[in-house]
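S.K.:
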Amino acid sequence: EGGGENSALGKISEAPSTEYEADSTLLETIFPCLKKEQEVRLDKKDLDALLLKEDFFELAAKCKSVIACRCTPLQKAWIVEEMKKRTGAVCLAIGDGGNDEPMIKKANVGVGIVGEEGSAAAQAADYAFGQFRYLHTLLFVHGAWSYERISIMVLYIFYKTAIAATTLFFFGFFSGFSGQQLFNIWIYTFYNAVFTALPIIVVAVLDQGLDADTLENIPKAYRSIISRGQLFGTRIFFRWIMNAVVHTAIVFFTAFWCLDTNGISFPNGQVHGLWMTSSTIFAICIVMVSFRLTFEMRSITWIHHFFFWGSLAVFILISIGLNVLPTFNPDLFAVIFAMWRNPQAWLTAILAGSLPLLLDLAIRGVQIELFPSYMDLLRERCLMREQYQKGEETFRFAPRHTRAQEKKHKEGVQVIKAKLGEAEGRKDSQSTTKKSSVDALVNTLLRWRDLTGAVLDATEEAADALVMDSGEGKTA
1 EGGGENSALG KISEAPSTEY EADSTLLETI FPCLKKEQEV RLDKKDLDAL
51 LLKEDFFELA AKCKSVIACR CTPLQKAWIV EEMKKRTGAV CLAIGDGGND
101 EPMIKKANVG VGIVGEEGSA AAQAADYAFG QFRYLHTLLF VHGAWSYERI
151 SIMVLYIFYK TAIAATTLFF FGFFSGFSGQ QLFNIWIYTF YNAVFTALPI
201 IVVAVLDQGL DADTLENIPK AYRSIISRGQ LFGTRIFFRW IMNAVVHTAI
251 VFFTAFWCLD TNGISFPNGQ VHGLWMTSST IFAICIVMVS FRLTFEMRSI
301 TWIHHFFFWG SLAVFILISI GLNVLPTFNP DLFAVIFAMW RNPQAWLTAI
351 LAGSLPLLLD LAIRGVQIEL FPSYMDLLRE RCLMREQYQK GEETFRFAPR
401 HTRAQEKKHK EGVQVIKAKL GEAEGRKDSQ STTKKSSVDA LVNTLLRWRD
451 LTGAVLDATE EAADALVMDS GEGKTA
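The numbers in UniProt numbering rise by one with no breaks, and the one at position 303 of the sequence shown is 303.
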């Protein structure tokens, strides 16, 4: 701190550091300054005195930044390793020289810069690039995308597995938990490995929640993505599992009761058997699980379409193959074709498959409209910006904010009109020129309201172009 006070850096440099007794002197000097969010600079001698002490890592965690100067490679690696152990944080280490190699290897995420000092750091790192400024893109863009992709992949895999497991659980109440299989063993084997595997892999590799420009220019978007409990956590995990249980209950009981007519189901006198009912339920689950994934897709390309519809086509082809091989799979022989010829099975599939998806859409729509998160607002703005660039609609800065602005303007105009009306009533004995002046004043206020609205829209566009929630954005 300047302004006549002795700086913490100066006190540190004057403190004795030849022996470990210097620990108390250093720490007593530094800790009173923590309330001011100061940066702390330590050299090699200070580190020799402090690295073995618990207080040093408490100090490092409380400081805004800690600068360690002229450290040996072992000291750099030691700092990273001890911070990982004592704080439990995910540590990133970045360096451009061979003396940074031990530190990079000790970190959770190692980044190497290929430059004048060679490529030793890049060879030991997880990521390598040519300039330090690319670290911003690595963290704020690719880091945010990767975190969102992995979260969706893990949650969706548990969701679709829970769908298959809870279906068998509900069937146990009808079979007396006797061990009778609901699904054919062959078609059930392909459920996780073939029918539902490829679409989620494509999403986990290619999906982009927000465009790169938005993530680079709005740091709050990155904080919203990686904040605990927003995309992944205990609460989110159990919400997906409960969502799977509710979906399974709707599909299973709707299909089971619709197909269990206790009478003739076909013109030739046949009725629905176990395998026809189970095949219908299985087909509904495959389609429902596949379309449920589309709710989590943020960017859809032709690759997404190819693997999505391709997985459904593979399901149909394998079902036909098992249907026409009596010696290989006698349980499903001619069952699939009979199911496709039965209108009751088609109506049941449409009803049981659409109810869970419509329920999710309704909940998602209410949540976005009434309780939007910061990410929902950003996605809405990005979508409207894309539509404006394509010329599909006139650009306005988020519909919900525009509606609120217009409502506020209208209420203000009504209040002004009411007050002017009261004034007009009190002065009705005056000449009609007063009335005309009141009308002129109202018209002037209305024109001023339109001008103010245009200025507000332009201000919001300027603020959106800059960093949100920052001093520059507020100034604009």
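For glycine and all other residues, C-beta sits at the position ideal for the given N, C-alpha and C.
Closest to G98 by C-alpha separation, out of A124, H136, C91, E82, would be which residue?
M.R.: It is A124 whose Cα lies nearest to the Cα of G98.
S.K.: How should P102 be labelled, buried or exposed, when 16 other C-beta atoms within 10 angstroms of its C-beta is the threshold for buried?
M.R.: Classification of P102: buried, given that the 10 Å Cβ count is 16 or more.
S.K.: Mind the definition here: the stretch 371–382 touches the stretch 210–225 only if three or more C-beta pairs lie below 8 Å; say whether that holds.
M.R.: These segments touch.
S.K.: Closest to V335 by C-alpha separation, out of T137, N243, I187, would be which residue?
M.R.: Ranking the options by Cα distance to V335, first place goes to I187.
S.K.: Assuming V251 and A162 are in contact, meaning their beta carbons sit under 8 Å apart, how far apart are those beta carbons, in whole angstroms?
M.R.: Wrong, their Cβ atoms sit about 13 Å apart, outside the cutoff.
S.K.: Let me know if L325 comes out buried or exposed under the rule of 16 or more other beta-carbons within 10 Å of its beta-carbon.
M.R.: Exposed.
S.K.: If you draw a straight line from the C-alpha of F307 to the C-alpha of F315, how long is it?
M.R.: Whole-angstrom Cα-Cα distance: 12 Å.
S.K.: Can you tell which of T196, L168, I225, S146 has its C-alpha closest to the C-alpha of A204?
M.R.: Per the Cα distances, S146.
S.K.: Hey, could you find the ends of the alpha helix (DSSP H) V245 is sitting in?
M.R.: Start and end: 234–259.
S.K.: Residues in the same chain with beta-carbon distance under 7 Å from Y191, minus the five sequence neighbours each way, listed in chain order, please.
M.R.: Cβ neighbours of Y191 beyond the five flanking positions: A164.
S.K.: Kindly provide the ranges of any beta strand (DSSP E) runs that are 3 or more residues long and lie completely inside the stretch 105–176, ordered along the chain.
M.R.: Fully enclosed beta strand (DSSP E) runs of 3 or longer: 109–113, 127–129.
S.K.: Terminal residues of the continuous beta strand (DSSP E) containing I67?
M.R.: That run of the beta strand (DSSP E) goes 65–68.
S.K.: Going by alpha carbons, who is nearest to A107 out of A77, L231, F132?
M.R.: For the residues A77, L231, F132, the minimum Cα distance to A107 belongs to A77.
S.K.: Expressed to the nearest angstrom, what Euclidean distance is found between the alpha-carbon atoms of Q230 and L312?
M.R.: Whole-angstrom Cα-Cα distance: 31 Å.
S.K.: Hey, quick one: how far does the alpha helix (DSSP H) through G365 stretch, first residue to last?
M.R.: Residues 343–370.
S.K.: My output table needs one value for L182: the three-state DSSP class, helix, strand or coil.
M.R.: In the structure shown, L182 sits in coil (DSSP, three-state: anything other than H, G, I, E or B).
S.K.: At the level of alpha carbons, what is the spacing between K417 and E411?
M.R.: Between K417 and E411, the C-alpha separation is close to 10 Å.
S.K.: Can you list, in chain order, the residues of its chain whose CB lies under 8 Å from that of G130, leaving out five sequence neighbours each side?
M.R.: Cβ neighbours of G130 beyond the five flanking positions: I113, V114, G115.
S.K.: Using the Cα positions of A338 and I281, report the straight-line distance between them to the nearest angstrom.
M.R.: The alpha-carbon atoms of A338 and I281 are separated by roughly 15 Å.
S.K.: Output the boundary residues of the alpha helix (DSSP H) element that contains L332.
M.R.: Unbroken run through L332: none, as it is neither H nor E.
S.K.: Please identify the residue among R133, L74, D211, L198 whose C-alpha is closest to the C-alpha of S299.
M.R.: The shortest Cα separation from S299 among R133, L74, D211, L198 belongs to D211.
S.K.: Determine, using beta carbons only, whether A197 and T348 come nearer to each other than 8 Å.
M.R.: No, these two residues do not count as a Cβ contact at 8 Å.
S.K.: With C-beta atoms as the reference, is N342 less than 8 Å away from W275?
M.R.: It is not a contact, given that the beta carbons lie outside the stated cut-off.
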